[in-house]
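Beneath this line is the structure, given in structure tokens, with notes to follow.
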Amino acid sequence: MCMCARTSPLHGWPASLSSALCAVLAGCAVGPNFVRPAPPAIDHYAFGSDPAVTVAAQGNAQRFVPGGAVAAEWWQLFDSPQLSELVAESLSGNPTLDAARASLRASQDNLRSGYGIFYPQLALDASATRQRFAPIKFGSSVPSSIFNLFTLSASVSYVLDLFGAERRTVEALGAQVDLQRSSEQATYLALTSNVVNTVIAKAAYQAEIDATRGLIALQREQVSLAEVQVRAGTAPYASVLSLQSQLSSHEATIPQLEQKLTQSDDLLATLSGHLPAESRPREITLAQLRLPGELPVSLPSDLVHQRPDILLAEASLHTASAEVGIATAALFPSITLSGAYSGNSTTTDRLLGSQGRAWGIAGDISAPLFEGGTLWFKRKSAIEGYEQARSLYRQTVLSAFAQVADTLRALEHDAAALKAEDEALRTAEQALHLVQINYEAGLATYLDVLNADTQFHQAQVNDIQAVAVRYQDTVALYAALGGGWRNRQAASLTGSGAP
6 MCMCARTSPL HGWPASLSSA LCAVLAGCAV GPNFVRPAPP AIDHYAFGSD
56 PAVTVAAQGN AQRFVPGGAV AAEWWQLFDS PQLSELVAES LSGNPTLDAA
106 RASLRASQDN LRSGYGIFYP QLALDASATR QRFAPIKFGS SVPSSIFNLF
156 TLSASVSYVL DLFGAERRTV EALGAQVDLQ RSSEQATYLA LTSNVVNTVI
206 AKAAYQAEID ATRGLIALQR EQVSLAEVQV RAGTAPYASV LSLQSQLSSH
256 EATIPQLEQK LTQSDDLLAT LSGHLPAESR PREITLAQLR LPGELPVSLP
306 SDLVHQRPDI LLAEASLHTA SAEVGIATAA LFPSITLSGA YSGNSTTTDR
356 LLGSQGRAWG IAGDISAPLF EGGTLWFKRK SAIEGYEQAR SLYRQTVLSA
406 FAQVADTLRA LEHDAAALKA EDEALRTAEQ ALHLVQINYE AGLATYLDVL
456 NADTQFHQAQ VNDIQAVAVR YQDTVALYAA LGGGWRNRQA ASLTGSGAP
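Heads up: the sequence shown begins at 6 in this note's numbering, then just goes up one per residue.
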């Protein structure tokens with residue numbers, strides 16, 4: 006599509022009649038031709054430079070691969086068959102994803118229907134009537150008569166799309182297909198990310214429950230020992246009460262964690278399209294998940310073409326651009342060519358006879374002259390809509406790049422934090438072991454035991470949470486890079502034998 010009228014969303018109405026004449030002669034679509042926004046001219050995401058590798062924590066260091074492609078089924082990199090099974094089940098049964106796919110198919114059908122405007126419109130009509138004719142209505146004294154009238158007619162019409170109103174309309178329909186496709190991709194990405202994150206959270210809750218139950222068992226032994234010391238007269242009864250109070254506090258956390266565990270199971274059932282009552286909980290522990298060692302970092306120039314939210318904003322911008330063209334074309338004349346042919350007779354056997362034949366050829370031109378500024382301001386409104394879509398696109402790109410930068414730094418900090426939490430846990434475990442020995446020997450007080458228990462349990466919880474956060478930030482990076490849907494499509498095409 007050329008742009009003879011030289012209009013754009015950033016400029017006003019064409020200044021000269023020659024521009025309109027050019028559009029008529031060349032059959033160009035007025036309004037802006039959409040140009041895909043250029044990606045930001047940078048080669049990294051974080052300030053200064055992107056991290057290259059994290060520190061090793063629990064024997065694992067994650068290395069970032071610039072320009073690496075996100076795996077189509079990235080969740081399989083966690084090396085858990087149960088996790089992969091859950092994701093596959095969700096992809097096949099999630100109602101939200103099914104709805105997004107249906108919306109995509111509907112937009113594709115709308116686009117196909119829109120192409121019909123470029124072809125002549127043909128119609129066939131047949132009618133049969135019985136009527137009484139009264140000549141007196143026309144000043145004649147001839148007696149009235151009753152007769153049958155049979156008519157068979159065909160008509161054809163064609164809109165000359167000189168100024169591109171119909172082409173811009175179809176262009177907008179095509180942009181809507183892109184928008185719905187991006188929406189389906191965003192739903193796909195959100196679903197897979199939510200399933201993996203929920204599995205990780207559930208595994209962390211279970212690990213906290215196991216750690217808390219282990220501490221509870223230890224504290225019960227401490228309470229029993231304190232009761233022996235009280236009976237022996239070597240310790241005050243207050244020590245039993247204090248230890249029992251802390252034991253009860255930790256026992257109270259178990260139902261809270263179990264509630265979160267249940268909620269995770271219910272969420273996984275919902276994401277897979279099942280009722281909680283009919284879904285079987287899957288038991289996946291943190292130890293059964295493997296942390297991916299190599300993480301792709303897509304080039305910034307690729308990110309704008311693979312993140313669904315950016316592509317959705319781009320499709321909205323394309324739609325707004327086409328709307329400007331539609332509103333611009335409405336200011337120009339519209340031309341329609343039409344023709345009709347019919348056969349008429351009072352009997353069916355003479356329907357195609359020469360006496361009842363009728364035909365006509367017509368050309369219609371309609372041009373708006375004065376509508377109180379309606380069309381003018383509709384175009385102004387379309388231009389402002391384009392400006393809004395352009396700003397929203399830019400904001401989406403800014404947010405996307407910030408999310409990638411945040412996630413890269415988060416993974417770097419997660420590894421350092423987990424390394425420190427591991428050291429804190431080892432220290433707290435050693436301290437508790439020494440205090441327990443001294444308490445049994447009567448060399449430590451119950452306050453020493455309380456402090457050691459608290460520090461050890463908090464160190465356990467912090468370590469479990471640090472592991473979970475590291476896993477979830479890894480998921481966040483895959484999501485921030487777009488989730489690998491383009492590689493999924495490429496694999497699908499290759500599998501189908503497409504070139």
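Just so it is clear, CB atoms sit at the ideal spot from N, CA and C, and this is done for glycine as well.
Here Ser132 is bridged, per DSSP, to Thr156. DSSP places Gly344 in the uninterrupted beta strand (DSSP E) bounded by 339–350.
In the structure shown, Gly365 adopts extended strand secondary structure according to DSSP, grouped into three states. In this structure, the CA atom of Leu196 is about 21 Å from the CA atom of Ala282. Between the C-alpha atoms of Pro44 and Val309 there is a straight-line separation of about 6 Å. Glu226 and Leu102 have their alpha carbons spaced roughly 52 Å apart. DSSP places Ala62 in the strand class (E or B) of the three-state scheme.
For Ser150, the pairing in a beta bridge is given by DSSP as Phe138. Taking Leu230 as reference, the option from Leu220, Val245, Ala216 with the minimal CA-CA separation is Val245. The residue among Arg362, Ile205, Gln360, Lys385 with its C-alpha nearest the C-alpha of Leu296 is Ile205. Secondary structure at Val164: strand, using DSSP grouped into helix, strand and coil. Shown here for Thr290: same chain residues with a beta carbon closer than 6 Å to its own, the five before and five after excluded, namely Ala208 in chain order. Relative to Ala62, the option among Gly489, Leu423, Pro71, Arg475 whose CA is nearest is Leu423. By the Cβ neighbour-count rule, Asp48 is exposed, with fewer than 16 other Cβ atoms within 10 Å of its own.
Pro100: member of the alpha helix (DSSP H) spanning 100–119, first to last residue. Secondary structure at Gln311: coil, using DSSP grouped into helix, strand and coil. The beta carbon of Leu248 is closer than 8 Å to those of Gln224, Gln227, Val228, Ala231, Tyr451, Val454, Leu455 in its chain, skipping five residues each way along the sequence.
By the neighbour-count criterion, in which a residue is buried when 16 or more other Cβ atoms sit within 10 angstroms of its Cβ, Asp468 is buried.
Beta-bridge partners assigned by DSSP to Gln408: none are found. In this structure, Val58 sits away from Ala51, with a CB-CB distance that is not shorter than 8 Å. Contact between the region 105–112 and the region 317–326 is absent, with fewer than three C-beta pairs closer than 8 Å.
A Cβ-Cβ distance of about 15 Å is found for the pair Ala473 and Ser198, leaving them out of contact under the 8 Å criterion. The region 250–269 makes no contact with the region 167–176, as fewer than three CB pairs between them are under 8 Å. Runs of the alpha helix (DSSP H) lying entirely within the region 433–470 and spanning at least 4 residues: none are present.
Beta-bridge pairing by DSSP links Arg68 to Val58, Glu299. Proximity of the region 410–430 to the region 361–377 falls short of the contact definition, fewer than three beta-carbon pairs being nearer than 8 Å. The beta-bridge partner set that DSSP reports for Ser371 consists of Ser339.
Apart from the 5 residues on each side of it in sequence, Ser303 sits with its Cβ closer than 6 Å to the Cβ of Leu486 in its chain, given in chain order. In the three-state reduction of the DSSP assignment, Leu127 falls in the strand class, which pools E and B. Nearest C-alpha to Thr267 among Ile214, Val409, Ala292, Asp314: Ile214. In this structure Ala394 is buried. Its beta-carbon is surrounded by 16 or more other beta-carbon atoms within 10 angstroms.
Residue nearest to Ala216 within the set Val466, Asp478, Gln477 is Val466 (criterion: CA-CA distance).
Across the structure, Thr412 and Gly169 are spaced so that their CA atoms are roughly 45 Å apart.
The criterion of a C-beta distance shorter than 8 Å is satisfied by Leu273 and Leu91. Annotation for Gly179: the continuous alpha helix (DSSP H) segment containing it runs 170–237. The alpha carbon of Val480 has as its nearest neighbour, out of Glu94, Arg41, Ser254, Asp419, the alpha carbon of Asp419.
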